[in-house]
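Residue numbers (the numbering used here): 7 to 241.
Built from N, CA and C at the ideal position, the CB exists for glycine as well.
See below for the structure under consideration.
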Amino acid sequence: MTVFWSFSSIDQEFTKTKPRELNSLLGEQEREYLNSLRIEKRRSEWLAGRLALKRLLQAVHAELAGRELSEIQILKLENGAPCLLIDNDLRLNESISLSHSNRHVFCAYADEKDLLGVDLELVEKRSLDFIQDFFTVDEIHQLNLCPPADHPFLANIIWSAKEAILKALSLGLTVDTRRINIQPGSSIISSPGWNSFGFTTDLIDKDLRLYWRRDDEFVLTICVTGHLPVRFVQL
Numbered sequence: 007m008t009v010f011w012s013f014s015s016i017d018q019e020f021t022k023t024k025p026r027e028l029n030s031l032l033g034e035q036e037r038e039y040l041n042s043l044r045i046e047k048r049r050s051e052w053l054a055g056r057l058a059l060k061r062l063l064q065a066v067h068a069e070l071a072g073r074e075l076s077e078i079q080i081l082k083l084e085n086g087a088p089c090l091l092i093d094n095d096l097r098l099n100e101s102i103s104l105s106h107s108n109r110h111v112f113c114a115y116a117d118e119k120d121l122l123g124v125d126l127e128l129v130e131k132r133s134l135d136f137i138q139d140f141f142t143v144d145e146i147h148q149l150n151l152c153p154p155a156d157h158p159f160l161a162n163i164i165w166s167a168k169e170a171i172l173k174a175l176s177l178g179l180t181v182d183t184r185r186i187n188i189q190p191g192s193s194i195i196s197s198p199g200w201n202s203f204g205f206t207t208d209l210i211d212k213d214l215r216l217y218w219r220r221d222d223e224f225v226l227t228i229c230v231t232g233h234l235p236v237r238f239v240q241l
């Protein structure tokens, strides 16, 4: 399995196109949804995420290589999961996912028809109330054991991993996040590139795999299903 991914700032996505032409890169249903968003921050995040994922798909998806970006519509299902609409054909089996945080966008596409979820988080301090509400006893114990300087990174990678799993399962925050127990391991702070790490959950009986990497002040996580070796390709 190959997972194609990109990580960029919102400004980078917008500077690839003249401002007056941004709307022309959207399909009819996408334009309708964008016009329904009233908060500028939300509009920018939504638009940049769609543009980033469209460009990624255009670059690596054989069927979409010659398409205009406006012909590649990325819509949202009722459960919040993204899906492709091509020529009025809803492609529910395409493995796509995207996330945004602090004016940055992370998106991915897998060339196998497996579940896929990604998440992006800024490494920042998490409140004690947040940790107690969403983390398991074991995860809190891991946080208490790590040096104070590493606490923000570990807290955010645990949270990001939970989000990626819930996105892969198309559940979002509809379930108790403590039904997922993340097990980062002792070497997680210093590991470069994409790395796997463990977890347990009773939410699914399929094999899930979890990967993470750090990019400056952000953590990126990817959750996929299946048994095939995973190759990561950045665009």
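*For ILE45, name the three-state secondary structure that DSSP assigns.*
Counting from one through the sequence shown, the residue named residue 45 turns up at place 39. In this structure, ILE45 counts as coil in the three-state DSSP scheme.
*Since THR231 contacts SER166 with CB under 8 Å, what's their CB separation in whole angstroms?*
One-based indexing of the sequence shown puts residue 231 at position 225. One-based indexing of the sequence shown puts residue 166 at position 160. No, THR231 and SER166 are not in contact; Cβ-Cβ is about 18 Å, not under 8 Å.
*How is PHE141 classed by DSSP in three states: helix, strand or coil?*
Here residue 141 is taken as the residue at index 135 of the sequence shown, counted from 1. Reduced to three states, the DSSP call for PHE141 is coil.
_Quick check on ALA71: buried or exposed, where buried means 16 or more other Cβ atoms within 10 Å of its Cβ?_
For the purposes of this step, residue 71 is identified with residue 65 of the sequence shown, where counting begins at 1. That one is exposed.
_Close beta carbons around GLU223, own chain, < 7 Å, minus the five adjacent residues each side_ = Translated into positions along the sequence shown, residue 223 becomes position 217. Around GLU223: LEU128, VAL129.
*Reduced DSSP category for PRO190 - H, G, I as helix; E, B as strand; rest coil*: Here residue 190 is taken as the residue at index 184 of the sequence shown, counted from 1. Correct three-state label for PRO190: coil.
*Using a Cβ-Cβ cut-off of 6 Å (strictly less than) and excluding sequence neighbours within five positions of ARG56, which residues of its own chain qualify?*
The count along the sequence shown starts at 1 and reaches residue 56 at position 50. Closer than 6 Å at Cβ, skipping near neighbours: ILE80.
_Is the beta carbon of LEU40 closer than 8 Å to that of ARG49?_
On the sequence shown, residue 49 is found 43 positions in, with the first residue counted as 1. On the sequence shown, residue 40 is found 34 positions in, with the first residue counted as 1. Contact flag set, yes.
*Using only alpha-carbon positions, find the residue among ASP93, PHE112, CYS89, VAL111 that is nearest to SER101.*
Stepping through the sequence shown from its first residue, residue 101 is reached at position 95. Closest option to SER101, Cα to Cα, is CYS89.
*Is ASP93 helix, strand or coil by DSSP?*
Along the sequence shown, read from residue 1 onward, the residue named residue 93 stands at position 87. Looking at ASP93 - three-state DSSP - the assignment turns out to be coil, as it is neither helix nor strand.
*Is PHE112 buried or exposed, if buried means 16 or more other CB atoms sit within 10 Å of its CB?*
As a first step, residue 112 must be located in the sequence shown, where it is residue number 106. Classification of PHE112: buried, given that the 10 Å Cβ count is 16 or more.
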